[in-house]
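A.B. asks:
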Amino acid sequence: MEGLIISVIHRTCMAGTSLLLGTTGEILTERSGILNLGVEGMMNIGAVTGFIVTYTTGNVLFGVLAALLTGAVSAALHGVVSIYFKANQTVSGLALSMLGVGLAGVMGKPYIGKQLPVKLEPVQLPLLGKIPLIGDLLFNQDLLFYAGLLLAVAAWFFLKWTRLGIRVRSVGENPEASESQGISVRWTRFFCTVAGGAFAGLGGAHISLAYSTSWIEGLVAGRGWIVVGLTIFSLWNPLRGIAGAFLFGGIFVTQYLLQPLGVPPNLLATLPYGTTLIVLLVDGLRKDHRSLHAPAQLGEPYSR
Amino acid sequence: MKLKRTWERLEFQWEERTDRSLLFSVSVLLTAIVCGVLLIGAVFLSLGVDPVFALKQIFLGSFGSLYGLKESLTKAIPLFLIAGGLCVAYKAKFWNIGAESQLLMGAVFSTWFGLNVGQSLPPSIGVPLLFLMGFLGGALWGIIPAILKVRFGISEVISTLMLNYIAAEFVTFLIVGPWKGATKHGFPYTDDLPKALILDTLPGSRIHYITLILGILLCIILFILLYRSKFGYEVRVIGESPEAARYAGIDFFKTSLLIMVISGGAAGLAGVGEVAGIHHHLGYPGNISAGYGFTAIITAWLGKLNPLLTLISGLFFAGILVGGDAIQISLRLPAATVNIFNGILLFVLIVSDYFLKHRLVLRFRQL
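Residue numbers (my numbering), protein chains in the order written: chain A, 1 to 304; chain B, 305 to 671.
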């Protein structure tokens, strides 16, 4: 029993990492006022390039780096279209999602069923990893898990306590006032969008390099959309994002736990999506509390 | 030196364009499509596929042959229905991304009706009821996000997408589980619908013309509804300025529900067409709908959210779907290839909107 609980928590951390990375990135992007619904596409692109680069070079770090870069580049596309060309951000994000899913399908096809020679191995942290039970659970994970946690805390600190972070928030709340303070709304938003894409790319890499180590079509399976939901659930606060991501990681694991009980697997597969709706619904009962936290200019194009 | 001075004085900026002729709009649109095709060619090139060959295959596979034309018209049927409905939703800026699952629920409802109630009915009663059930299925699945949005403030983008995943898993559950057909030798399909309910096709093709007529009629009706009725006016006001709509006393809840009944119901009708016209049974979600719900989004967008224009753009994108199938076979590309086309074309289209609304102004600064 104890073994089972440990394995469940361990796998929850594993399943939640990609969600955490994606959510932190999307919070950063949305705080600056840009709604990027392309997370699903960016995670797909990150996952597939991470896999291909790792497969061909045999070095997992190159794969992670490639995923980070391609995630950032694809977010830049959304940035240019929605900031420079002031396009509808909902539609632009959708286009990015379609493009990413398509690219991952085509680029990944030759690799379907192939096994990675190396994967993102768990790294036991010195000292902390030696703590009984907790050490095994939390400090014997892969590098992206630690990175995810660190980046989420860093993003929280950045947004809340640094001058630059306050600038980002003010650009999302009141771009006119920011511009009159000499802040470039366009560039701030662009950088936040690109950074968010890099995070999503990392999240994708975690799916293909640690969570699963062979390529299948539709590997990301809507996690990018769950990230968009988690961003709202987190009330644009990266610390709440950590809680949300691992809650949902747990739900992905629950699927496999309930399977031996005879629940049809297809019904279990709806759990993460159904839970997203339920969580937002319960949260939505306090609607005012959400609108209080949402960046005021989210999704609104800015023109000088 | 002199040239450099001149260059330094040159200033350019984008100014809002007030006048817009039809010729200008059409040429911007055509330029956008050409750019999109070039970009798609570039993607092929980077994937190691000869772009000229691929594009030629797409054209030959879709509009370049009689078979392709017939197939394009077949695939245009669900696009007409869904994109027509999406025009109404998107005009109100209600981002229904869930047409894919509204189609599936239409298919589920009509399959249930066909297998359980429809055996004893003559076609003259059974077929209309079949379509009605499909409409109901799509509409009921469609009003969920409307309620979630207006009453609980949940973004319809997320809820419709989540419902897509849920419906797809649900359909798979049905066909491998309780609805698995006794006559299908263990394959994951339901039994076939009774003969009387299967839609006629034009000879030598898969064009189930009843649904085609329904699609064209629907687009015409929706056009009239959008531009000539009070409801259409309210939809457009909500889309253009929610504040003005609130000020004018427009009932958001009622209008949103109605929008999604139309949009979801239309997608449900498309589901009936796919089940009763093409497959004759319920099967894997990816087979019942070849991504029509997503392709219809771009179809509606290319048609400038005008249901009549979506009849043209629907045909265009049906051709892309059919051509996509053709190169999937000849170049062994996966089904997701069509998503690349869709993504690129959508990007190109929304950027072209900027050039429709702005003009580049060059002038020399006085030194």
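Beta carbons are placed, not taken as given, at the ideal position from N, Cα and C, and that holds for glycine.
Is the CB of L333 (chain B) under 8 Å away from at least one CB in chain A?
C.D. replies: With 8 Å as the cut-off, L333 (chain B) does not count as an interface residue toward chain A.
A.B. asks: Is V421 (chain B) helix, strand or coil by DSSP?
C.D. replies: coil
A.B. asks: Taking only beta carbons into account, state which residues of the stretch 89-100 of chain A come closer than 8 Å to chain B, listed in chain order.
C.D. replies: T90, V91, S92, L94, A95, L96, S97, M98, L99 and G100
A.B. asks: Could you check whether the Cβ of K119 (chain A) sits closer than 8 Å to any Cβ belonging to chain B?
C.D. replies: no
A.B. asks: Spatial neighbours of L613 (chain B) within its chain, please: C-beta separation below 7 Å, excluding the five flanking residues on both sides.
C.D. replies: G607
A.B. asks: Between R667 (chain B) and the rest of its own chain, which residues show a CB-CB distance below 7 Å, the 5 nearest in sequence each way excluded?
C.D. replies: Spatial neighbours of R667 (chain B) in its own chain (CB-CB distance under 7 Å, excluding positions within 5 residues in sequence) are listed in chain order as E315.
A.B. asks: Taking only three categories from DSSP, how would you classify M305 (chain B)?
C.D. replies: Reliability fails at M305 (chain B), whose pLDDT of 47 lies under 50, so the model's placement of it is uncertain and the value that follows must be treated cautiously. Reduced to three states, the DSSP call for M305 (chain B) is coil.
A.B. asks: Would G224 (chain A) pass as a contact of G22 (chain A) if the rule is Cβ separation under 8 Å?
C.D. replies: yes
A.B. asks: Verify whether the separation of the beta carbon atoms of I479 (chain B) and T494 (chain B) is less than 8 Å.
C.D. replies: yes
A.B. asks: Throw me the rounded Cβ distance for the V253 (chain A) and A15 (chain A) pair, which I believe falls under 8 Å.
C.D. replies: 6 Å
A.B. asks: Please report the residue range of the beta strand (DSSP E) in which W318 (chain B) lies.
C.D. replies: L314 to E320
A.B. asks: Is the shortest distance between the beta-carbon of V253 (chain A) and the beta-carbons of chain B less than 8 Å?
C.D. replies: V253 (chain A) is outside the set of residues whose beta carbon lies under 8 Å from a beta carbon in chain B.
A.B. asks: Under DSSP, the beta strand (DSSP E) around H662 (chain B) begins and ends at which residues?
C.D. replies: Its beta strand (DSSP E) spans residues H662 to F668.
A.B. asks: Counting only Cβ-Cβ distances shorter than 7 Å, please list the residues of the stretch 242-268 of chain A near chain B, keeping chain order.
C.D. replies: Those would be P264, N266 and L267, in chain order.
A.B. asks: In its own chain, which residues sit with a C-beta less than 8 Å from the C-beta of L407 (chain B), not counting the 5 before and 5 after it?
C.D. replies: P382, I386, G442, A571, G572, A574, G575, E578, I592, S593, Y596 and G597
A.B. asks: Taking three-plus beta-carbon pairs below 8 Å as touching, is the stretch 151-162 of chain A in contact with the stretch 95-113 of chain A?
C.D. replies: no
A.B. asks: Against chain D, with Cβ distances strictly below 8 Å, would Y469 (chain B) count as a contact?
C.D. replies: Absent from the structure: chain D. Protein chains present are A and B.
A.B. asks: Return helix, strand or coil for I458 (chain B), following the three-state DSSP convention.
C.D. replies: coil
A.B. asks: I'd like to know if the stretch 4-11 of chain A and the stretch 189-204 of chain A are in contact, where contact means that at least 3 CB-CB pairs between them fall below 8 Å.
C.D. replies: no
A.B. asks: Spell out whether any CB of chain A is found under 8 Å from the CB atom of L465 (chain B).
C.D. replies: yes
A.B. asks: Label T335 (chain B) either buried or exposed according to how many other C-beta atoms from any shown protein chain fall within 10 Å of its C-beta, with 16 as the threshold for buried.
C.D. replies: exposed
A.B. asks: Taking V123 (chain A) as part of the alpha helix (DSSP H), name the residues at either end of that continuous run.
C.D. replies: Segment P122 to Q124 is the beta strand (DSSP E) holding V123 (chain A); no alpha helix (DSSP H) there.
A.B. asks: List the residues of chain A that F474 (chain B) touches, going by C-beta distances under 8 Å, in chain order.
C.D. replies: N266, L267 and T270
A.B. asks: Any idea if Y256 (chain A) is buried or exposed, counting beta-carbon neighbours within 10 angstroms, 16 or more meaning buried?
C.D. replies: exposed
A.B. asks: For V81 (chain A), return the contacting residues in chain B, with the cut-off set at a CB-CB distance below 8 Å.
C.D. replies: F651, I654 and V655
A.B. asks: Ignore the nearest five residues each way along the sequence and tell me which others in A76 (chain A)'s own chain have a CB closer than 8 Å to its CB.
C.D. replies: For A76 (chain A), where only same-chain residues beyond five positions count, the Cβ hits under 8 Å are F190, T193, V194 and G197.
A.B. asks: Starting from the Cα of L116 (chain A), find the closest Cα among A:K109, A:S212, A:G71 and A:M107 and give me that residue.
C.D. replies: A:S212
A.B. asks: Just checking: is the beta-carbon of P382 (chain B) within a distance shorter than 8 Å of some beta-carbon in chain A?
C.D. replies: no
A.B. asks: According to DSSP, is V502 (chain B) helix, strand or coil?
C.D. replies: The amino acid occupying residue 502 (chain B) in the given sequence is Ile; Val does not appear at that position. Coil, per DSSP.
A.B. asks: Sorry if obvious, but does the Cβ on Y55 (chain A) come closer than 7 Å to a heavy atom of the ligand HEM?
C.D. replies: For the structure depicted, the ligand HEM is absent and the ligand set is empty, with no information on it obtainable.
A.B. asks: Are the CB atoms of E681 (chain B) and N400 (chain B) nearer to each other than 8 Å?
C.D. replies: Chain B is shown from 305 up to 671; residue 681 (chain B) falls before or after that span and cannot be answered.
A.B. asks: With 16 other CB atoms within 10 Å as the buried threshold, where does E306 (chain A) fall?
C.D. replies: Examination of residue 306 (chain A) is not possible in this model, given that chain A is present from 1 through 304 alone.
A.B. asks: With G71 (chain A) and G222 (chain A) assumed to form a contact (beta carbons below 8 Å), what rounded beta-carbon distance in angstroms separates them?
C.D. replies: Contact doesn't hold; Cβ gap of about 17 Å is too wide.
A.B. asks: Any C-beta of chain A sitting closer than 8 Å to the C-beta of I633 (chain B)?
C.D. replies: For I633 (chain B), no CB of chain A lies under 8 Å from its own CB, so it is not counted at the interface with that chain.
A.B. asks: Please classify A549 (chain B) as buried or exposed, where buried requires at least 16 other C-beta atoms within 10 Å of its C-beta.
C.D. replies: buried
A.B. asks: Nearest to K558 (chain B) by alpha carbon, out of B:W416, B:V412, B:K453 and B:P611?
C.D. replies: B:K453
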